[in-house]
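For the sequence shown, the residue numbers in the numbering used here are 7 to 265. Just so you know, even glycine gets a beta-carbon here, dropped at the ideal spot from N, CA and C.
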Amino acid sequence: MRHREENGRTYHAFKEGKYVLPNDESENERLDLQHTLFLMTLDGKLFTCPAGTDRPVRRVLDAGTGTGIWAVDYADDHPEADVIGVDLSPIQPSFVPTNISFFLDDLEDSWTFSQKFDFVYGRMLTGSLRNWPKFIQQSYDNLNSGGWIELTDILLELESDDNTVPANSPAKQWGKYMLEAAASFGAPLDSCKRHKQQQLADAGFVDIVETVYKWPTCAWPKGPTFKEIDETVLLSHLNTLLGIRWIAQHVFKMRCNKD
7 MRHREENGRT YHAFKEGKYV LPNDESENER LDLQHTLFLM TLDGKLFTCP AGTDRPVRRV
67 LDAGTGTGIW AVDYADDHPE ADVIGVDLSP IQPSFVPTNI SFFLDDLEDS WTFSQKFDFV
127 YGRMLTGSLR NWPKFIQQSY DNLNSGGWIE LTDILLELES DDNTVPANSP AKQWGKYMLE
187 AAASFGAPLD SCKRHKQQQL ADAGFVDIVE TVYKWPTCAW PKGPTFKEID ETVLLSHLNT
247 LLGIRWIAQH VFKMRCNKD
């Protein structure tokens, strides 16, 4: 079985329940929109680390590849590299560059790759992984000497530069409750804030750099780039809300949409 259905949405069948968001066409469109959002944020770049600048990148792992859109773009740009995409859902396209392969697997199981990688890339894995130290350690152990890892994630908690978002804002409360729910579920949504840097160092990584980007979620950001990012963020967030399974507090979710 490729998927299971609930409330009109489909979810992954392999390791059922481990990932809470759907894997249907609407969610796939949201993931592709999210890819566009990251490209806008990074000025069109697929990644920011120096992978490939000091030595050739021959093997790349896209951890949690989703629709495979990042992996396909990387494979197109780097035909000399073999790109491996791994995900819990088989939602990747069939017609892809010849230097890319997709596998259905759980990144938290023991890795059994036959060869090491030069670059491990993971984007928006927060909420998907329960054992970050294991994932980071396996990434380190499966990298060639001099290899790179880049992890890109969102901090769900709503923040305000000028403190204009009140604590009782439905959107801010929703973020707070989602953090609490995810923590109780064992898949924290604030991993980029609490875990990654120290865990990367503990695994053996060096030259660790953190860069923080702002995603506006208001209707009046300054500058054309921020305005475009803002519109894309809002659309992506609303589609994420629609993908969360129906619960008794559905009315609260509707209040967040309005907020």
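Only exposed fits GLN204, as fewer than 16 other CB atoms lie within 10 angstroms of its CB. It is roughly 19 Å from the alpha-carbon of ALA87 to the alpha-carbon of TYR146. Contact annotation: GLU114 and PHE141 have beta-carbon atoms nearer than 8 Å.
In this structure, the beta-carbon distance from ASP159 to ARG64 does not fall below 8 Å. Around the beta carbon of GLY152, fewer than 16 other beta carbons sit within 10 angstroms, so the residue counts as exposed. Around the beta carbon of ALA173, a 10 Å sphere encloses fewer than 16 other beta carbons of the protein chains shown; the residue is thus reported as exposed.
Straight-line measurement puts the Cα of LEU195 at about 19 Å from the Cα of SER175. Minimum Cα-Cα distance from SER120 among the listed residues LEU94, GLN98, SER95, ILE90 corresponds to ILE90. Judged by their CB atoms, PHE108 and THR71 are nearer to each other than the 8 Å cut-off. A Cβ-Cβ contact shorter than 8 Å links VAL78 with PRO103. Contact between ASN29 and SER100 is absent: CB atoms are separated by about 16 Å, not below the 8 Å threshold. Counting only residues of its own chain and dropping the five nearest sequence neighbours on each side, LEU206 has a CB closer than 7 Å to the CB of ILE142, ILE214. Along the length of the region 107–179, whole alpha helix (DSSP H) runs at least 4 residues long occupy 138–147, reported in chain order. For ASP79, the enclosing alpha helix (DSSP H) begins and ends at 75–83. Here ALA209 carries a helix assignment [DSSP, helix/strand/coil].
ASP38 carries a helical assignment under DSSP once its states are collapsed to helix, strand and coil.
Around the C-beta of PHE191, fewer than 16 other C-beta atoms lie within 10 Å, and the residue is accordingly described as exposed. Closest by C-alpha distance to ALA69, out of GLU156, GLU216, CYS55, ASP49, is GLU156. Secondary structure of TYR183 (DSSP, three-state): helix. Taken through DSSP and simplified to helix, strand or coil, ALA69 comes out as strand.
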